[in-house]
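Remarks on the structure that follows.
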Amino acid sequence: MIRIEPREQTSRAFALGVPVLAAGVALALAAIPLMAAGANPIRAYSEMLRGVFGSVFAVSEMLTRATPLIFTGLAAALAFRARLWNIGAEGQLYLGAMAAVAIGSGALDIPGLFLVPLVIVVGAAAGAAGMVAPTYLKVRFGADEVVTTLLLNFIILIFLQMMLEGPLQDPMSLGWPQSAPILDQGVLPPLMDRMRVHSGLILALVLAACAQFMLIRSVWGFKLRAVGENAAAARHAGINVKRSLFGVAAISGGLAGLAGVSEVAGLKGYLTADLSPGFGYTGIVVAMLAGLSPVGVVIAAVFIASVFVGADSMSRAMGVSSFLADLVVSMALLCVLVGGFLAKYRILRTKRAEAAS
Amino acid sequence: MMDLLNILLSESFWAASLRIATPLIFGVLGALICERAGVLNLGIEGIFVVGAMCGWMAVWLGAGLWGGVIVAALSGGVFGLLHAILTVPLGLSQHVSGLGITLFATSVSYFTYRTALPNVSSPPRIEPFQPLDVPLLSDLPFLGPVLFQQTALTWLALLLVALVWYVMNRSALGVALKAVGDNPDSVDAQGLSVYALRIWAIVAGSALMALGGAFLTMSAFDAFFFGMVNGRGWVCIALVIFASWRPGKALLGALLFGAFDALQVRLQTEMGALVPGQVFLMAPYILSIIALVIAARSADYPRALLTPWFKGQR
């Protein structure tokens, strides 16, 4: 028989090692589908490495891909800390993007000094509204936010298509469902010449640092963690749980909205219905790999972005489906979940008689 | 107004409602079994995809339609077992594990499909289930076209509603299953295995979910497409709460949803010039949220839902 027993304390090294190990195991397991697809895994891994770190351009591509994942990863990490299950980052991302093109693509022709901050603030506000609404349904009616945020993703995506064929459609697009481009002065400037990596990355890093500081050092962060660990006890201690939930909902939704702003105003320039290949959902994996720590989110986002960019490049070179990246990412989530268990508990072999007692 | 009445009285409308409801009936029943045993299964969306892909692929490889159904159910069971191991003996977060299963199952399906069919522009088609033309009964006015010209999978879904109702309400297994989701300690005290009951409930529930997916590729359509499940799994999770974990109400919920979806398509053709089509496309998801909001207050959640249980720990 086996018995499961909580560890008295988890060593810091173990807790930090789990995500690294999980990521490694997930990558190693990818050898199975690679071989099933008839590819040589060693060659595939080296193609992936080259695709991510082989040139300045490759690194720039990877950081470009990591940028929205830092935003959505932070969105999930903060909400999950308060046990608010925001699975709606995908929809909130599009709300942010829609708000950005609504005011940034010609409605307001003002200098960039004002336009850029305005686009950022309005995009964040739109994303925030997308999470505050389901939080209201949870607090007021007890409607499970997992289900409502998931369903909202679909509603918002259909709404987006409606907007792109209606009010937000670029009159010059010859009927294509895409928005007018963000005005030149509203664009988040690139960080390097002839590279796609843009200043949205700087914004993401600054916000990650702020989130880390707020979560660990501020009264707000203390309350949020208290609500997440034990809402009843937090209420008993005089914390306004509802206010904490609405606060973290607004911040989480706002961060997801910024992912949309950053993709539209920093990378693509205009909005289409395929702006995000699931950044909202991948953000959940990023947050879990990061152990819900904002600084960890940055590292995890870089890892996940490397997997995607590396797999894309490997896919082009070797003809293996780039869905391999999604496979690695999902396995990493499951591995880190199991790893978290091993860090918290130990599995003991016991004698039958003892187990029965 | 007359148009609406015409739609509501037409046979084709009710036949379509039942057809659209079929995958949801499978899905809601599956989710219901898992949750009755105390475990939320957010893997449902991915398990739908796996069932759709595996069932279709088995038929495409020559397994026959019922062979495909069995393969689909087994594939769902496998991913259900994974979710069960993570959430029952290991007691890990049911939310995170479920989402992980959805991502994993979806990417396994897509990767397998892409690897098996690297360069197809139009997906290969199979010969899907045909409507059962029951002699005599299918000639009945109204009921004939609505009930007796559905495919065998719709009938299987209706049969499963009755079976799940029977097991839940009239069998010892049902008593044990409900108890394990309400008060696992009492089940343990009677010498039954909480782990085994929960694990098998999740495996069985997941197999049903996969049948919902299989219906899409083997009855509603005749091929597999990326993104074809399109949130149906999540709708089922909302419908279970709406149905307050009862098989009969689950059927009702799925039928209401199917009717609404069928109505939406018809209104879209009638009023397409006045209102953008997307308004109608959005409606079923909005309806799900409204149903959830209405039902949530009075929802009688299985009391041990989301709570892991470890042997020997009170």
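Sequence order for the protein chains is A and B.
Number 64 in the working numbering belongs to position 64 of the first sequence; there are no gaps in the numbering.
Number 1160 in the working numbering belongs to position 160 of the second sequence; there are no gaps in the numbering.
From the three backbone atoms N, C-alpha and C, an ideal C-beta is built for every residue, glycine too.
Is residue j closer than 7 Å to residue i when the C-beta atoms are compared?
i, j, result
"A/P19", "A/V336", "yes"
"A/P33", "A/L333", "no"
"A/A44", "A/M288", "no"
"B/E1163", "B/F1215", "It is worth fixing the name first, because residue 1163 of chain B is Leu in this sequence and not Glu. Not closer than 7 Å, so no."
"A/A89", "A/T72", "yes"
"A/L69", "A/A311", "no"
"A/L231", "A/V297", "For the record, residue 231 of chain A in the displayed sequence is Ala; it is not Leu. Contact flag unset, no."
"B/I1020", "B/R1266", "no"
"B/W1309", "B/P1135", "no"
"B/R1297", "A/G142", "yes"
"A/L74", "A/A250", "no"
"A/M48", "A/Q92", "no"
"A/Y270", "A/P181", "yes"
Could you tell me whether the Cβ of residue i comes closer than 7 Å to any Cβ of chain B?
i, result
"A/Q169", "no"
"A/W85", "yes"
"A/Q161", "yes"
"A/A332", "no"
"A/I155", "yes"
"A/S252", "no"
"A/V313", "At residue 313 of chain A the sequence reads Ser, which differs from the Val that was named. Not one chain B Cβ lies under 7 Å of A/S313."
"A/A343", "no"
"A/F14", "no"
"A/A356", "Caution is warranted here: a pLDDT of 44 is assigned to A/A356, below 50, making its placement in the model unreliable, and the coordinate value is therefore given only provisionally. Taking Cβ atoms only, chain B never reaches closer than 7 Å to A/A356, which makes this a no."
"A/D274", "no"
So which residues on chain A does residue i lean against when the C-beta distance must stay under 7 Å?
i, result
"B/A1238", "V147 and L151"
"B/R1297", "F141 and G142"
"B/Y1285", "L151, F154 and I155"
Against chain A, with Cβ distances strictly below 7 Å, would residue i count as a contact?
i, result
"B/L1008", "no"
"B/A1116", "no"
"B/G1181", "no"
"B/H1095", "yes"
"B/Q1278", "yes"
"B/L1281", "yes"
"B/L1293", "It should be pointed out that residue 1293 of chain B corresponds to Val in this sequence rather than to Leu. Output row for B/V1293: interface = yes."
"B/L1029", "no"
"B/S1288", "yes"
"B/W1245", "no"
"B/W1234", "yes"
Since residue i meets chain A, which of its residues come closer than 9 Å, beta carbon to beta carbon?
i, result
"B/T1263", "It should be pointed out that residue 1263 of chain B corresponds to Leu in this sequence rather than to Thr. By Cβ distance, chain A contributes nothing, its closest Cβ being about 17 Å from B/L1263, past 9 Å."
"B/G1231", "L150, L151, N153 and F154"
Would you tell me roughly how many angstroms separate the C-alpha atoms of residue i and residue j, rounded to the nearest one?
i, j, result
"B/I1294", "A/E8", "44 Å"
"A/L188", "A/S262", "7 Å"
"A/Q360", "A/D170", "Absent from the structure is residue 360 of chain A, since the part of chain A shown begins at 1 and ends at 357."
"A/S357", "A/V329", "Confidence in A/S357 is poor, its pLDDT being 41 and thus under 50, which makes the residue's placement unreliable; the coordinate value appears in the next sentence. Taking the straight line from one Cα to the other gives about 42 Å."
"B/L1192", "B/G1312", "14 Å"
"A/A226", "A/A128", "22 Å"
"B/G1080", "B/V1039", "11 Å"
"B/S1075", "A/A256", "34 Å"
"B/F1148", "A/L78", "52 Å"
"B/G1046", "B/A1105", "5 Å"
"A/F57", "A/L201", "16 Å"
"B/W1200", "B/Q1190", "18 Å"
"B/D1133", "B/P1247", "27 Å"
"A/I155", "B/L1156", "31 Å"
"A/K138", "A/W85", "11 Å"
Residue i touches chain B at which residues, Cβ-Cβ below 9 Å?
i, result
"A/P33", "V1108, F1111, T1112 and T1115"
"A/Y281", "L1099, T1102 and L1103"
"A/L29", "Under the 9 Å cutoff, chain B gives no residues; its nearest Cβ is about 11 Å from A/L29."
What are the boundary residues of the alpha helix (DSSP H) that residue i is part of?
i, result
"A/R12", "R12 to L29"
"A/M98", "A89 to G104"
"A/I156", "E145 to L164"
"B/L1239", "R1232 to F1242"
"B/R1303", "Taken as a continuous stretch (DSSP letters only), B/R1303 belongs to no alpha helix (DSSP H), as it is neither H nor E."
"A/I239", "No alpha helix (DSSP H) holds A/I239; DSSP gives it neither H nor E."
"A/V298", "P294 to M318"
"A/V56", "V56 to R81"
"B/R1347", "Residue coverage of chain B in this structure runs from 1001 to 1314, which leaves residue 1347 of chain B outside it and unanswerable."
Would you kindly report the start and end of the unbroken beta strand (DSSP E) that includes residue i?
i, result
"A/R346", "Y345 to R349"
For residue i, return the contacting residues in chain B, with the cut-off set at a CB-CB distance below 7 Å.
i, result
"A/L93", "Under the 7 Å cutoff, chain B gives no residues; its nearest Cβ is about 17 Å from A/L93."
"A/G166", "P1276"
"A/I4", "F1310"
"A/L284", "It is worth fixing the name first, because residue 284 of chain A is Ile in this sequence and not Leu. Ordered by position in chain B, the residues that pass the 7 Å Cβ test against A/I284 are L1099."
For the ligand NAD, I want to know if residue i counts as a neighbour, meaning its beta carbon is within less than 6 Å of at least one of the ligand's heavy atoms.
i, result
"A/L74", "Among the ligands in the structure shown, none appear at all, so the ligand NAD cannot be discussed."
What in chain B is Cβ-close to residue i, meaning under 8 Å?
i, result
"A/S36", "At residue 36 of chain A the sequence reads Ala, which differs from the Ser that was named. Here the neighbours are T1115."
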